[in-house]
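Line order of the protein sequences matches chains S and P. According to my numbering, the first sequence holds residues 26 to 452 in order. According to my numbering, the second sequence holds residues 26 to 452 in order.
2 protein chains.
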Amino acid sequence: MQRVEDEAASPPLGDMSVSRYTLVSTDGHAGPPAQVYRDYLEESFRVRFDEHQAMMAEMRGQAFGGQQGDRDEFKEKYDAETGDAELRVAFDSDRRNAALDAEGIVAEVLFPDADVLGAGRSASSPFGVGLGSANGAEPDALWAGARAHNRWLADFVAESPKRRVGVAVVPITAGVDEALVEIGEVANLGLGGVMIPTRWFDNAPYNHPMYEPVWAACADAGLILHTHSGAGPSEYAEGNGALPLYIAEVQFWAARPLWAVFFSGVFERNPALKFVVAESGAYWAADMIDKMDSWEGNSHALEKFGGIWNGVITGKPSDQFHEHVYFAASTPTVKDIAARHDIGVGNLMWGNDLPHPEGTWPHTRWWVNERFRDVPEVEARAILGETAIDVYGLDRVTLEQLAGEIGPTDDDVHGPPTPAPGMVAAH
Amino acid sequence: MQRVEDEAASPPLGDMSVSRYTLVSTDGHAGPPAQVYRDYLEESFRVRFDEHQAMMAEMRGQAFGGQQGDRDEFKEKYDAETGDAELRVAFDSDRRNAALDAEGIVAEVLFPDADVLGAGRSASSPFGVGLGSANGAEPDALWAGARAHNRWLADFVAESPKRRVGVAVVPITAGVDEALVEIGEVANLGLGGVMIPTRWFDNAPYNHPMYEPVWAACADAGLILHTHSGAGPSEYAEGNGALPLYIAEVQFWAARPLWAVFFSGVFERNPALKFVVAESGAYWAADMIDKMDSWEGNSHALEKFGGIWNGVITGKPSDQFHEHVYFAASTPTVKDIAARHDIGVGNLMWGNDLPHPEGTWPHTRWWVNERFRDVPEVEARAILGETAIDVYGLDRVTLEQLAGEIGPTDDDVHGPPTPAPGMVAAH
Numbered sequence: 026m027q028r029v030e031d032e033a034a035s036p037p038l039g040d041m042s043v044s045r046y047t048l049v050s051t052d053g054h055a056g057p058p059a060q061v062y063r064d065y066l067e068e069s070f071r072v073r074f075d076e077h078q079a080m081m082a083e084m085r086g087q088a089f090g091g092q093q094g095d096r097d098e099f100k101e102k103y104d105a106e107t108g109d110a111e112l113r114v115a116f117d118s119d120r121r122n123a124a125l126d127a128e129g130i131v132a133e134v135l136f137p138d139a140d141v142l143g144a145g146r147s148a149s150s151p152f153g154v155g156l157g158s159a160n161g162a163e164p165d166a167l168w169a170g171a172r173a174h175n176r177w178l179a180d181f182v183a184e185s186p187k188r189r190v191g192v193a194v195v196p197i198t199a200g201v202d203e204a205l206v207e208i209g210e211v212a213n214l215g216l217g218g219v220m221i222p223t224r225w226f227d228n229a230p231y232n233h234p235m236y237e238p239v240w241a242a243c244a245d246a247g248l249i250l251h252t253h254s255g256a257g258p259s260e261y262a263e264g265n266g267a268l269p270l271y272i273a274e275v276q277f278w279a280a281r282p283l284w285a286v287f288f289s290g291v292f293e294r295n296p297a298l299k300f301v302v303a304e305s306g307a308y309w310a311a312d313m314i315d316k317m318d319s320w321e322g323n324s325h326a327l328e329k330f331g332g333i334w335n336g337v338i339t340g341k342p343s344d345q346f347h348e349h350v351y352f353a354a355s356t357p358t359v360k361d362i363a364a365r366h367d368i369g370v371g372n373l374m375w376g377n378d379l380p381h382p383e384g385t386w387p388h389t390r391w392w393v394n395e396r397f398r399d400v401p402e403v404e405a406r407a408i409l410g411e412t413a414i415d416v417y418g419l420d421r422v423t424l425e426q427l428a429g430e431i432g433p434t435d436d437d438v439h440g441p442p443t444p445a446p447g448m449v450a451a452h
Numbered sequence: 026m027q028r029v030e031d032e033a034a035s036p037p038l039g040d041m042s043v044s045r046y047t048l049v050s051t052d053g054h055a056g057p058p059a060q061v062y063r064d065y066l067e068e069s070f071r072v073r074f075d076e077h078q079a080m081m082a083e084m085r086g087q088a089f090g091g092q093q094g095d096r097d098e099f100k101e102k103y104d105a106e107t108g109d110a111e112l113r114v115a116f117d118s119d120r121r122n123a124a125l126d127a128e129g130i131v132a133e134v135l136f137p138d139a140d141v142l143g144a145g146r147s148a149s150s151p152f153g154v155g156l157g158s159a160n161g162a163e164p165d166a167l168w169a170g171a172r173a174h175n176r177w178l179a180d181f182v183a184e185s186p187k188r189r190v191g192v193a194v195v196p197i198t199a200g201v202d203e204a205l206v207e208i209g210e211v212a213n214l215g216l217g218g219v220m221i222p223t224r225w226f227d228n229a230p231y232n233h234p235m236y237e238p239v240w241a242a243c244a245d246a247g248l249i250l251h252t253h254s255g256a257g258p259s260e261y262a263e264g265n266g267a268l269p270l271y272i273a274e275v276q277f278w279a280a281r282p283l284w285a286v287f288f289s290g291v292f293e294r295n296p297a298l299k300f301v302v303a304e305s306g307a308y309w310a311a312d313m314i315d316k317m318d319s320w321e322g323n324s325h326a327l328e329k330f331g332g333i334w335n336g337v338i339t340g341k342p343s344d345q346f347h348e349h350v351y352f353a354a355s356t357p358t359v360k361d362i363a364a365r366h367d368i369g370v371g372n373l374m375w376g377n378d379l380p381h382p383e384g385t386w387p388h389t390r391w392w393v394n395e396r397f398r399d400v401p402e403v404e405a406r407a408i409l410g411e412t413a414i415d416v417y418g419l420d421r422v423t424l425e426q427l428a429g430e431i432g433p434t435d436d437d438v439h440g441p442p443t444p445a446p447g448m449v450a451a452h
């Protein structure tokens, strides 16, 4: 038990550097315009890059079998709200930090593909090596694109290293040997994590033994594994309802790599490895966590299999889950927050998805109050930043100092609601 | 409001034909030994049938990459408990009805593949055309197998037509033209439903326009569409954890056809069509029902798509869902029952999965009390049989009369718990 004298020695409540929230967004996106990517590519890939860009321009609007509604009006509204129609915040270091300051965020974790509106502002990783799960391009082009993005990202991180964690793109489905080389490069570049394709499509699934060296290399280098939602079902485009079917399934496809890794015992063999699932919500994990412990020895329905784990996972599965798995649940839903104790409060991290329009930029301060107002302070602080500081090994002293200047106060987070600004109310 | 006089005119509480529960199992399995199937096959397919049976015998134990535990002990226990090591209940009409009587069940809906222990007792549909989703065999063999099973099933139903609804196997992924022919046959055979492959594997997904004539033919013939869980992920077998990965995903794969049909507007175009998802639980649907109404007009996260439904579904999606979709949630879990109001009490049906070992045979009476004890009577009656009577158009008078003799009483269902018999306690 803490003694009263210790409490008296704590900083007074008015000390802003302590009482303000240290907001860390575990889901941000960064990437330069196409011309800049071109310069980061090795020369031999630049003609193919131009061709791929031209093809993408032609295919614009063809996603989901062309079944989307009119998006121009939304883009206009969003550009007016952010005041950044050129999406400079995706690659301009000062502008990025100014946006973070305005949002009250001290640091963020950076994924690729800042522009997903597909409206001509290209800040998307070359050859679709990012959120598109490296589907459809030639392996050598994918690796060239990955190298280009990772080098650019390292430069961008270096402009403000205390506030940025770079997550490299490493398309392991395009070749394990190349992946091992790139993981070595990524570690040297000072990046903090590795994003693997969220979908393996027709390649080997992640429970296959061929990937074991990849998991070991990430664990050895202290690189955190990531998947990020985006790649959805690939087969619906020729039929009706391709868009609602994408929305219905996208979280499943983003969750699948986690199960493939977890249920095949990868954490059993790599005790230092961590896995973060980004922008895929988290509430659905509560159900799986609840179930996994009961599959063996407690379920008549599964008894016929003779045994479920058969040594693949020893000990209590949920314990291993809580030790290794985190959710970068950007703009968490009411359901995500309500399920926090079942997921593990310490396994849930927040993000604002800057600069994606489904995120909360530029109204994050309002939105944090809206979603976290009634969450107890210690839990809100954990989800909004403290857990991320631990997981990514951030410089707590520096960030708390910055939070003392820009971070939301207790009252900002837990005070009475204010009217919803702009477009951000419904989530 | 009902007048007191009406209540006085109601049958007295002691009238067993009314107060007993009319239990209808919406998930049973039936099929004869291989030799009988052979006789139902057209002669030209019998050599291939023998070869396929031999191949299956060789592959026994190889499911999930051979990663299951020892199943012999379980099989011995189960056979001792049921007293039916030869699984005669799967095809012997009198034995089937005796088992139903003992369980307190007046009628059941019959799917294929009674034997899934794979221990040499073959009551599995020819060429894997049943729960295996017709994966891997030649289309002509699949259709021959479907015809053989459907003919056998029609004969089995004819032996006790008031107590049996036959669900035909119609592997629509093996050819739409052949499917339309078989749907015509199935209607003539007096079967009540059609089971389509739960997985389409590499074939066109069910939102594809090519299947539209199938949906229309089922609607016209009054045949209810079914999927039944069983076919799982196909790609994990070469890696670790294939069995837990199967368990983790099997409900998703069984749910997918429902979304593909529903979200592509099939019910919009076929107002008479009904869809039943069997042995896949139901609690997970509550989440999707909750979400689908909010996708359009109420979600900042999805606003960027411009519009979600775009005319594919008009009106409130959940209303259409509740009008057309049912869950044959055999041996429903605590979660399924707890979610009944979110799923729709009138959309949830019970089953005992006879004779599968993950079901509750031969302890269904005990288990119904265990799971439904605290469910209000009107809701318990709906889930346990009343809804199934309506959905499948069963002969209520005959079944209530039979229930008066064999059905559980109010006290059986809602009375105090008794010790768990045999192997059935944990679900």
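Glycine is no exception: its CB is placed at the ideal position from the N, C-alpha and C atoms. Owing to the predicted nature of the structure, the values given are computational and were not obtained by experimental measurement.
Is P:Leu178 closer than 8 Å to P:Leu216 when the C-beta atoms are compared?
Taking 8 Å as the cut-off, the Cβ atoms of P:Leu216 and P:Leu178 count as close.
By DSSP's criteria, P:Leu373 is part of a beta bridge. Which residues make up the other side?
P:Leu373 has P:Phe352 as its beta-bridge partners, per DSSP.
For a minimum of 4 consecutive residues, which ranges assigned as the alpha helix (DSSP H) are wholly contained in the stretch 83-132 of chain S?
Within the stretch 83-132 of chain S, the runs of alpha helix (DSSP H) that reach at least 4 residues and sit entirely inside it are, in chain order, 97-107 and 118-128.
Cβ of S:Trp386 less than 8 Å from any chain P Cβ?
Not a single CB atom of chain P sits nearer than 8 Å to the CB of S:Trp386.
Please decide whether P:Glu260 counts as near chain S, where near means a Cβ-Cβ distance under 8 Å.
yes
Kindly list the residues whose CB is nearer than 7 Å to the CB of P:Tyr13, restricted to its own chain and excluding five residues on each side of it in sequence; keep chain order.
Nothing can be reported for residue 13 of chain P, as the shown portion of chain P is limited to 26 through 452.
Residues of chain S with CB closer than 7 Å to the CB of P:Gly94, please, in chain order.
Phe330, Gly331, Gly332 and Asn335
Relative to the C-alpha of P:Thr356, which residue among P:Trp240, P:Phe346 and P:Leu373 is closest?
P:Leu373
Which value, in whole angstroms, describes the spacing of the CA atoms of P:Pro444 and P:Glu203?
51 Å
I'd like the span of the beta strand (DSSP E) that includes S:Thr52, first residue to last.
Correcting the residue type first, residue 52 of chain S is Asp in the shown sequence and not Thr. Counting along the chain, the beta strand (DSSP E) containing S:Asp52 begins and ends at Leu48 to His54.
For chain P, is any of its Cβ atoms less than 8 Å away from the one on S:Met313?
yes
Would S:Pro234 count as contacting chain P if we go by Cβ distances under 8 Å?
yes
Quick one: give me the first and last residue of the alpha helix (DSSP H) that S:Leu250 is part of.
It is not in any alpha helix (DSSP H) - S:Leu250 instead sits in the beta strand (DSSP E) that spans Ile249 to His253.
For my contact list, P:Leu250 and P:Phe300 are in at a C-beta cut-off of 8 Å; report their separation, rounded to the angstrom.
With a Cβ gap of about 5 Å, P:Leu250 and P:Phe300 count as contacting.
Pick out the complete alpha helix (DSSP H) segments inside the stretch 200-261 of chain S, 4 residues or longer, and give them in chain order.
Along the stretch 200-261 of chain S, the alpha helix (DSSP H) occurs as fully enclosed runs of 4 or more residues at 201-213 and 237-246, listed in sequence order.
Can you check whether the C-beta of S:Phe288 is within less than 8 Å of a C-beta belonging to chain P?
yes
Going by DSSP in three states, S:Leu424 sits in which element: helix, strand or coil?
In the three-state reduction of the DSSP assignment, S:Leu424 falls in the helix class.
Nearest chain P C-beta to S:Phe99 closer than 8 Å, yes or no?
yes
Please return the same chain residues whose Cβ sits closer than 6 Å to the Cβ of P:Asn160, not counting the five positions on each side in sequence.
Within the same chain, P:Asn160 has close Cβ partners Phe226.
Would you list the residues sitting across from P:Val191 in a DSSP beta bridge?
Note that residue 191 of chain P is Gly in the sequence shown here, rather than Val. Answer is P:Leu135, bridged to P:Gly191.
In angstroms with no decimal places, state the Cα-to-Cα distance between P:Leu424 and S:Leu270.
Linking P:Leu424 to S:Leu270 through their CA atoms gives a straight-line distance of about 40 Å.
Evaluate P:Arg398 with the Cβ neighbour count: other Cβ atoms within 10 Å of its Cβ, from every protein chain shown; 16 or more gives buried, anything less gives exposed.
Within 10 angstroms of the beta-carbon of P:Arg398 lie fewer than 16 other beta-carbons, which makes it exposed.
To the nearest whole angstrom, what separates the beta carbons of P:Pro137 and P:Val194, a pair I think is in contact under 8 Å?
6 Å
State buried or exposed for P:Val403, treating a residue as buried only when at least 16 other CB atoms are found within 10 Å of its CB.
exposed
Quick one: using the 10 Å Cβ neighbour count with 16 as the cut-off for buried, is P:Gly155 buried or exposed?
buried
Please check if any C-beta of chain S sits within less than 8 Å of the C-beta of P:Gly170.
no
Output the distance between the C-alpha atoms of P:Pro151 and P:Ser69, rounded to the nearest integer angstrom.
14 Å
P:Ser259 and P:Ala303 - do their beta-carbons sit closer together than 8 Å?
no
Whole angstroms is fine: what's the gap from P:Gly157's alpha carbon to S:Gly257's?
25 Å
Does the structure place the stretch 88-99 of chain P close enough to the stretch 175-190 of chain P that three or more beta carbon pairs sit under 8 Å?
no
Which of the three DSSP states, helix, strand or coil, is assigned to P:Val337?
Per DSSP, reduced to three states, the secondary structure at P:Val337 is coil, with no helix or strand assignment.
Closest to S:Ala229 by C-alpha separation, out of S:His439, S:Val61, S:Ser319 and S:Pro196, would be which residue?
S:Pro196
For P:Ala303, which residues does DSSP report across the bridge?
P:His253 and P:Ala353
Contact between the stretch 335-346 of chain S and the stretch 303-318 of chain S: three or more CB pairs below 8 Å?
yes
Of all the residues that make up the stretch 364-386 of chain S, which are near chain P by a beta-carbon distance shorter than 7 Å?
Pro382 and Glu383
Closer than 9 Å, Cβ to any Cβ of chain A: which residues of the stretch 348-360 of chain S, in chain order?
In the structure shown, chain A does not exist; the protein chains are S and P.
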